[in-house]
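Visitor: Let me give you the structure first, and then I'll get to my questions.
There are 2 protein chains.
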Amino acid sequence: MNSYQMQELIIPAKTKIVMLIMDGLGGLPREPGGKTELETAHTPNLDALAARSSLGLTIPISPGITPGSGPGHLALFGYDPLQYEIGRGVMEALGVDFELGKDDLAARGNFCTVDADGRIVDRRAGRIGTDVNQELSMLLESIRVEDAEIFIKPVKEHRFAFIMRSPGLSDGLSETDPQCTGVIPPRVRALDPDSEKAAGCVNQFISSAQKLLVNKRPANMILLRGFARFPTLPTYQEKYGLKAAAIAVHGMYRGVARLVGMQVLDVGGQTLNDEFMTLEKNWASFDFFYLHVKKTDTFGEMGDFDAKVGAIEEVDAFVPRLLALDPDVVIVGGDHSSPAVLKSHSWHPVPTLLFSRYVRTDGIPEFGERSCSRGSLGIIPAKNIMPLALANALRIAKYGA
Amino acid sequence: MNSYQMQELIIPAKTKIVMLIMDGLGGLPREPGGKTELETAHTPNLDALAARSSLGLTIPISPGITPGSGPGHLALFGYDPLQYEIGRGVMEALGVDFELGKDDLAARGNFCTVDADGRIVDRRAGRIGTDVNQELSMLLESIRVEDAEIFIKPVKEHRFAFIMRSPGLSDGLSETDPQCTGVIPPRVRALDPDSEKAAGCVNQFISSAQKLLVNKRPANMILLRGFARFPTLPTYQEKYGLKAAAIAVHGMYRGVARLVGMQVLDVGGQTLNDEFMTLEKNWASFDFFYLHVKKTDTFGEMGDFDAKVGAIEEVDAFVPRLLALDPDVVIVGGDHSSPAVLKSHSWHPVPTLLFSRYVRTDGIPEFGERSCSRGSLGIIPAKNIMPLALANALRIAKYGA
Chain W
91 MNSYQMQELI IPAKTKIVML IMDGLGGLPR EPGGKTELET AHTPNLDALA ARSSLGLTIP
151 ISPGITPGSG PGHLALFGYD PLQYEIGRGV MEALGVDFEL GKDDLAARGN FCTVDADGRI
211 VDRRAGRIGT DVNQELSMLL ESIRVEDAEI FIKPVKEHRF AFIMRSPGLS DGLSETDPQC
271 TGVIPPRVRA LDPDSEKAAG CVNQFISSAQ KLLVNKRPAN MILLRGFARF PTLPTYQEKY
331 GLKAAAIAVH GMYRGVARLV GMQVLDVGGQ TLNDEFMTLE KNWASFDFFY LHVKKTDTFG
391 EMGDFDAKVG AIEEVDAFVP RLLALDPDVV IVGGDHSSPA VLKSHSWHPV PTLLFSRYVR
451 TDGIPEFGER SCSRGSLGII PAKNIMPLAL ANALRIAKYG A
Chain C
91 MNSYQMQELI IPAKTKIVML IMDGLGGLPR EPGGKTELET AHTPNLDALA ARSSLGLTIP
151 ISPGITPGSG PGHLALFGYD PLQYEIGRGV MEALGVDFEL GKDDLAARGN FCTVDADGRI
211 VDRRAGRIGT DVNQELSMLL ESIRVEDAEI FIKPVKEHRF AFIMRSPGLS DGLSETDPQC
271 TGVIPPRVRA LDPDSEKAAG CVNQFISSAQ KLLVNKRPAN MILLRGFARF PTLPTYQEKY
331 GLKAAAIAVH GMYRGVARLV GMQVLDVGGQ TLNDEFMTLE KNWASFDFFY LHVKKTDTFG
391 EMGDFDAKVG AIEEVDAFVP RLLALDPDVV IVGGDHSSPA VLKSHSWHPV PTLLFSRYVR
451 TDGIPEFGER SCSRGSLGII PAKNIMPLAL ANALRIAKYG A
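Taken in sequence, the protein lines are chains W and C.
Just so you know, we're using my numbering here: the first sequence kicks off at 91 and counts up by one.
Just so you know, we're using my numbering here: the second sequence kicks off at 91 and counts up by one.
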């Protein structure tokens, strides 16, 4: 069913849906035949909820494809991640909690080192300290470009987010990072006629930056890549008739939620307790809550199996507080897998449970990769989760007579 | 595989396929964790057949979408229900067993009450008796419109089916039912140039109807909505090379079967026994039989769990008579779920079994929602059932060299 057909069927209801996402939830056993992180974790509350739920595995993008956080989340939110792309520049800006708007063009920036002839000698400027980066970013933000506003937001070490704001900036631009040393970084070229204006503005900025940084060796030049505009997506309100809220600590996830029109709530802290308190405090005001847990992914990417197990157990302890709110529909899942043994995101389908009073329960009292692979949700595209959640919330009318 | 590719592979055979459809078969437990209607029913014959079959669950339209009877059946018949739409007017006409043809434009009609100024005071004319409706429908059918034939078929209370027959009638028409009282019902407008002729004819009819009904208060006016043309679908003969017969008591199902080119058999009664006798009597004359059971849905929609259980058990008792005919392929399934606890159609996947001497049997001796979710057919789109049935009937040639 295409999204237009779906939109036609949306009906109002007073039901509430919670989507609890443990980033990088899916895992692998330490040794073949062993238990995954989730299977190892002691999760009495999730197991009890699983027994009352439909279980399944979600495929974020397509079989064998490892998703980045952007497409992984878009799929969970019900958008086809192959149709809607979020460019690298946009992800970088979202990652520092920058409130991107429709007139913004974003890119990933690096400080780099060039020699007297302007040839790159170090693409990362010796990984300068973040404090130096912050100072230099402020300097760059002082640059004035005709016809456009500039924002430079420091990330870590040599990286920063570059944002240029002006109506009519297209993102058909070549990159200035040649991905090698010994060459002069090329200026930006417009790859289509619509992007001429943007190319001119960006090159003006680069020239000014070069002059400002000339004596700042090792960070005496910049490289820009991944130019991308803020994508336009139908909002949760338009697509699903949902008043949706996002509860997340990290900028990137807050940003992706903002992209789809969720109201990003102020968590007022960094802990899971802060996140669940935010959920409780705002319970009356929204139809849909997306609650994001980062640590599962962080430990997966670090290769720390035990710490990932611990992060899952920490979430489990909050499940009773979630259920005490009496939500109509609960989804527990992840945006992708991050097995500790791989120390990275992976392509493996993600364990998922769907709870409501109208699901056919599987009676499997365990939330894990293997139990979910036996569940009645099946192994399904992640983008199918939202229609199922809406159906269980009695928010979709009958199709056809 | 698209339908053209499929059509190319169809080969003749003398095998026979039976599709036994229990309307609204899928259900939900009365209490979380309990048994569904089908799981509760004592079905020794279906259970024995399940043990010799491949089991699975069918998704009629797409995940989370609740189908109407039209799209639910189209999917079972192997047509993409999102590609072929059956409009509301057409369903209404099929429901009263009207033999729609390619020049027909159909709509849902209501008798309503208007005041002296022509403003609607009751959209349902106080739900007049069906006998009054029959009389007034005959009166309306006497109306003559230039260039088009008119048929008015009473349904129940204030409802009737409106059919206008003439070449070149398009269905891009606005509705005359404002869905509220206090206003004068608008005339029909053509929403595209092709529908100008139809708009003219319909408005002529409405003017004449208004004059004829002026003294028939409370039913002194009519409202028309859901204008739809008879859709053109490839027939079972064209698509599958099957000589197909439909055995159904209710008009709507007979009508949908006629839409896809099945020969609709005279059942000569209303009971399951009448339907199975019709099957036996016509066994030699067709390759494919669609046999429709209505009661399962009726009781599901009424919220009568026990009566739905009884209706399933009643069908079970006829299974030996079906098997005694020695069919090559048997499908037992439903067009959608109608859980008694929801008192309506629902989005839940539908238990389905596929029996032939060439299926990989699952060895699961139970026909129910949970047993089917473990079956080797998987959880599949309903439109995939027909290709699987044809394959098992050895009616599809090899694709490619």
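Here a beta-carbon is modelled for each residue, glycine too, at the ideal position from N, C-alpha and C.
1) Roughly how many angstroms lie between the CA atoms of C/M181 and C/G160, to the nearest whole one?
2) If we count the other Cβ atoms within 10 Å of its Cβ and call it buried at 16 or more, is W/P134 buried or exposed?
3) What is the residue span of the alpha helix (DSSP H) that C/Y380 lies within?
4) Between W/N474 and chain C, is there a C-beta pair that is closer than 8 angstroms?
5) Given this structure, state the Cα-to-Cα distance separating W/R120 from W/Y174, to the nearest angstrom.
6) Going by other Cβ atoms of all chains shown within 10 Å of its Cβ, with 16 needed for buried, is W/T130 buried or exposed?
7) For a contact meaning CB atoms closer than 7 angstroms, what does C/I469 contact in chain W?
8) Give me whichever residues DSSP pairs with C/V354 in a beta bridge.
9) The beta strand (DSSP E) with C/M91 in it runs from where to where?
10) Quick check on C/I475: buried or exposed, where buried means 16 or more other Cβ atoms within 10 Å of its Cβ?
11) Leaving out five residues before and five after W/D205 in sequence, what residues of the same chain have Cβ atoms less than 6 angstroms from its Cβ?
12) Can you find a CB in chain C that lies within less than 8 angstroms of the CB of W/A238?
13) Residues of the stretch 139-157 of chain C with a CB closer than 7 angstroms to any CB of chain D: list them in chain order, please.
14) What is the residue span of the alpha helix (DSSP H) that C/G400 lies within?
15) Go through its chain and collect everything with a Cβ distance to C/E370's Cβ below 8 angstroms, but skip five positions before and after it.
16) Below 7 angstroms on C-beta distance, what does C/P161 contact in chain W?
17) Counting only Cβ-Cβ distances shorter than 7 angstroms, please list the residues of the stretch 105-128 of chain C near chain W, keeping chain order.
18) Based on DSSP bridge pairs, tell me the residues matched to W/C202.
19) From the beta carbon of C/M181, is the nearest beta carbon of chain W less than 8 angstroms away?
20) What first and last residue would you give for the alpha helix (DSSP H) that runs through W/K329?
21) Examine the Cβ distances between the stretch 224-232 of chain W and the stretch 146-165 of chain W and report whether three or more of them are shorter than 8 angstroms.
22) Evaluate the contact criterion for the stretch 461-480 of chain C versus the stretch 139-157 of chain C: three or more CB pairs, one atom per stretch, below 8 angstroms.
23) Using a Cβ-Cβ cut-off of 7 angstroms (strictly less than) and excluding sequence neighbours within five positions of C/V399, which residues of its own chain qualify?
24) Across which residues does DSSP place C/K243 in a beta bridge pair?
25) Which runs of the beta strand (DSSP E) fall wholly inside the stretch 148-205 of chain W and span at least 3 residues, in chain order?
26) Suppose you measure from the CA of C/T220 to the CA of C/L332; what does that come to, to the nearest Å?
27) Return the CA-CA distance between W/V420 and W/A479, expressed in angstroms with no decimal places.
28) Can at least three beta-carbon pairs, one atom from the stretch 326-346 of chain C and one from the stretch 283-298 of chain C, be found at a separation below 8 angstroms?
29) By how many angstroms is the C-alpha of W/S446 removed from the C-alpha of W/D418?
30) Using CA coordinates, which residue listed in C/L413, C/I312, C/G424 is at the minimum distance from C/R142?
31) Could you pull out every unbroken alpha helix (DSSP H) segment of at least 4 residues lying fully inside the stretch 434-478 of chain C, listed in chain order?
32) Quick one: is W/E236 buried, meaning 16 or more other Cβ sit within 10 Å of its Cβ, or exposed?
33) What is the DSSP secondary structure of C/Y343, reduced to helix, strand or coil?
34) List the whole-angstrom C-beta distance separating W/R485 from W/I101, where the pair is believed to meet the contact cut-off of C-beta under 8 angstroms.
35) Comparing C-alpha positions only, which one of W/E456, W/N372, W/F395, W/T451 sits nearest to W/L432?
36) Checking the sheet assignment: what are the DSSP bridge partners for W/Y489?
Guide: Concretely, from the data shown:
1) The alpha-carbon atoms of C/M181 and C/G160 are separated by roughly 7 angstroms.
2) Label assigned to W/P134: exposed.
3) Run containing C/Y380: none in the alpha helix (DSSP H); it sits in the beta strand (DSSP E), 378-383.
4) Yes, its Cβ sits closer than 8 angstroms to a Cβ of chain C.
5) Roughly 35 angstroms separates the two Cα atoms.
6) The residue is buried, with at least 16 neighbouring Cβ atoms inside 10 Å.
7) Taking a Cβ-Cβ threshold of 7 angstroms, the residues of chain W close to C/I469 are G468, in chain order.
8) When DSSP reads this structure, C/V354 sits in a beta bridge with C/A336.
9) Per DSSP, C/M91 is not a residue of any beta strand (DSSP E), being assigned neither H nor E.
10) A residue is called buried when at least 16 other Cβ atoms come within 10 angstroms of its Cβ; C/I475 meets this threshold and is buried.
11) In its chain, beyond the 5 residues on either side, V211 have a beta carbon closer than 6 angstroms to the beta carbon of W/D205.
12) Taking CB atoms only, W/A238 has no neighbour in chain C less than 8 angstroms away.
13) Given the protein chain composition of this structure (W and C), no chain D is represented.
14) Following the DSSP letters along the chain, one finds C/G400 inside the alpha helix (DSSP H) bounded by residues 395-414.
15) Its chain contains R411, L415 as the residues whose beta carbon lies nearer than 8 angstroms to that of C/E370, once the 5 sequence neighbours on both sides are disregarded; these appear in chain order.
16) Neighbours of C/P161 on chain W, chain order: Y489, G490.
17) From the stretch 105-128 of chain C, only L118, P122, G123 have a Cβ closer than 7 angstroms to chain W.
18) DSSP output for W/C202 lists W/M311 as bridge partner(s).
19) The Cβ of C/M181 sits closer than 8 angstroms to at least one Cβ of chain W.
20) In the DSSP assignment, W/K329 falls within the unbroken alpha helix (DSSP H) covering 326-330.
21) As far as the Cβ criterion goes, the stretch 224-232 of chain W does not touch the stretch 146-165 of chain W, which means the pair count is below three.
22) Taking one beta carbon from each stretch, the stretch 461-480 of chain C and the stretch 139-157 of chain C have 3 or more pairs nearer than 8 angstroms; the two touch.
23) Excluding its 5 nearest sequence neighbours in each direction, C/V399 has C-beta neighbours in its own chain below 7 angstroms: E127, T130, A131, listed in chain order.
24) Bridge partners of C/K243: C/A251.
25) Within the stretch 148-205 of chain W, the complete beta strand (DSSP E) runs of at least 3 residues fall at 194-204.
26) C/T220 and C/L332 have their C-alpha atoms spaced approximately 40 angstroms apart.
27) Those two C-alpha atoms are separated by around 8 angstroms.
28) Of all C-beta pairs linking the stretch 326-346 of chain C to the stretch 283-298 of chain C, fewer than three are shorter than 8 angstroms, placing the two stretches out of contact.
29) Rounded to the nearest angstrom, the two C-alpha atoms are 6 angstroms apart.
30) The candidate whose alpha carbon is nearest that of C/R142 is C/L413.
31) Counting only runs of 4 or more, we get 459-463.
32) When all chains shown are included, W/E236 counts as exposed.
33) DSSP, reduced to helix, strand and coil, places C/Y343 within a helical segment of the structure shown.
34) Between W/I101 and W/R485 the Cβ distance is about 6 angstroms, and since that is below 8 angstroms, they are a contact.
35) Taking the Cα of W/L432 as reference, the smallest distance to any Cα among W/E456, W/N372, W/F395, W/T451 is reached at W/F395.
36) In the DSSP assignment, W/Y489 forms a beta bridge with C/P157.
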